[in-house]
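UniProt numbering applies: residue 1 is where the sequence shown begins, and numbers increase by one.
Beta carbons: idealized from backbone N, C-alpha and C, even for Gly.
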Amino acid sequence: MIEVRVLGIALDPAGQHIVLLKPVGDDEGAGRVLPIWIGGQEATSILIAIEGEHAPRPLSHDLITTLFGAVGAKVERVEVTRIDEGTFYAELTLTTPTGPQVLDARPSDAVALAVRAEAPIFVADEVLDDAGIPAEMADLRDDEEKLDEFKHFLDEVDPEDFQG
Numbered sequence: 001m002i003e004v005r006v007l008g009i010a011l012d013p014a015g016q017h018i019v020l021l022k023p024v025g026d027d028e029g030a031g032r033v034l035p036i037w038i039g040g041q042e043a044t045s046i047l048i049a050i051e052g053e054h055a056p057r058p059l060s061h062d063l064i065t066t067l068f069g070a071v072g073a074k075v076e077r078v079e080v081t082r083i084d085e086g087t088f089y090a091e092l093t094l095t096t097p098t099g100p101q102v103l104d105a106r107p108s109d110a111v112a113l114a115v116r117a118e119a120p121i122f123v124a125d126e127v128l129d130d131a132g133i134p135a136e137m138a139d140l141r142d143d144e145e146k147l148d149e150f151k152h153f154l155d156e157v158d159p160e161d162f163q164g
């Protein structure tokens with residue numbers, strides 16, 4: 001397992017959201033980056049958390065974080081464990097009053113929770129080898145306009161868009 005950090009959220013040419021994970025310790029423009037395509041709501045949730053912002057009303061990941069605290073559970077770590085036919089799989093490890101619990105999770109949800117809990121994120125070596133791309137291909141500065149557009153969307157979003 002390789003510890004990674006959230007490099008950021010990007011948009012692909014088709015406008016799909018991607019969370020970019022980069023090994024801790026790698027220089028900004030060197031090494032590899034793991035792009036994982038995620039949904040728009042998950043991208044919004046992750047971006048809000050990494051920027052230290054708060055939604056006007058709790059998002060699902062905020063609610064789950066609060067729920068974990070209420071029952072004495074803590075996100076210990078997240079692991080992106082495998083990729084199978086283009087689908088990424090992750091596990092969320094919790095410490096609970098009854099002992100450790102490992103839960104199957106979508107990587108987008110697991111990352112959103114890890115960022116809120118300041119828990120480490122790990123990627124299996126094989127996943128990074130199979131799906132990682134050269135860091136220069138994921139340079140967020142090239143997508144600055146798209147990121148600004150996404151941030152503008154966050155500024156203008158109606159909280160009712162997240163009701164469910």
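Spatial neighbours of residue i in its chain, beta-carbon cut-off 7 Å, leaving aside the 5 residues before and after
| i | result |
| --- | --- |
| Ala114 | Val75, Val78, Ile121 |
| Ala119 | Val75, Glu76, Arg77, Val78 |
| Glu42 | Ser108, Asp109, Ala112 |
Between the CA atoms of residue j and residue i - distance to the nearest angstrom
| i | j | result |
| --- | --- | --- |
| Val24 | Val4 | 5 Å |
| Ala10 | Ala90 | 20 Å |
| Arg57 | Ala131 | 35 Å |
| Asp109 | Ile2 | 19 Å |
| Pro35 | Ile133 | 8 Å |
| Asp26 | Gly8 | 15 Å |
| Glu53 | Leu128 | 29 Å |
| Ala73 | Ile64 | 10 Å |
| Val6 | Pro13 | 20 Å |
| Met137 | Leu94 | 34 Å |
Among the options, nearest to residue i - alpha-carbon criterion
| i | options | result |
| --- | --- | --- |
| Arg82 | Asp104, Ile38, Pro13, Ile9 | Asp104 |
| Gly40 | Ile2, Pro134, Leu63, Leu59 | Leu59 |
| Gly15 | Glu85, Arg32, Ile38 | Ile38 |
| Pro97 | Glu53, Gly52, Gly69 | Gly69 |
| residue 165 | Thr87, Pro100, Thr95 | Nothing about residue 165 can be read from this structure; the chain reaches only from 1 to 164. |
| Ala112 | Glu85, Asp125, Leu92 | Leu92 |
| Gly99 | Glu126, Val80, Val71, Arg32 | Val71 |
Cut-off 6 Å between Cβ atoms - residues of its own chain near residue i, not counting five sequence neighbours on either side
| i | result |
| --- | --- |
| Ala30 | Ala135 |
| Ile50 | Val6, Val115 |
(message) Three or more C-beta pairs under 8 Å: does that hold for the segment 12-28 against the segment 39-46?
(response) Yes, since at least three Cβ pairs between the segment 12-28 and the segment 39-46 fall closer than 8 Å, the two stretches touch.
(request) Output the residue ranges of the beta strand (DSSP E) runs that lie fully inside the segment 2-37 and measure 3 residues or longer, sorted by chain position. (result) 2-11, 17-23
(message) To test your reading of the DSSP string, which unbroken alpha helix (DSSP H) runs of 4 or more residues are found completely within the segment 29-95?
(response) 40-50, 60-70
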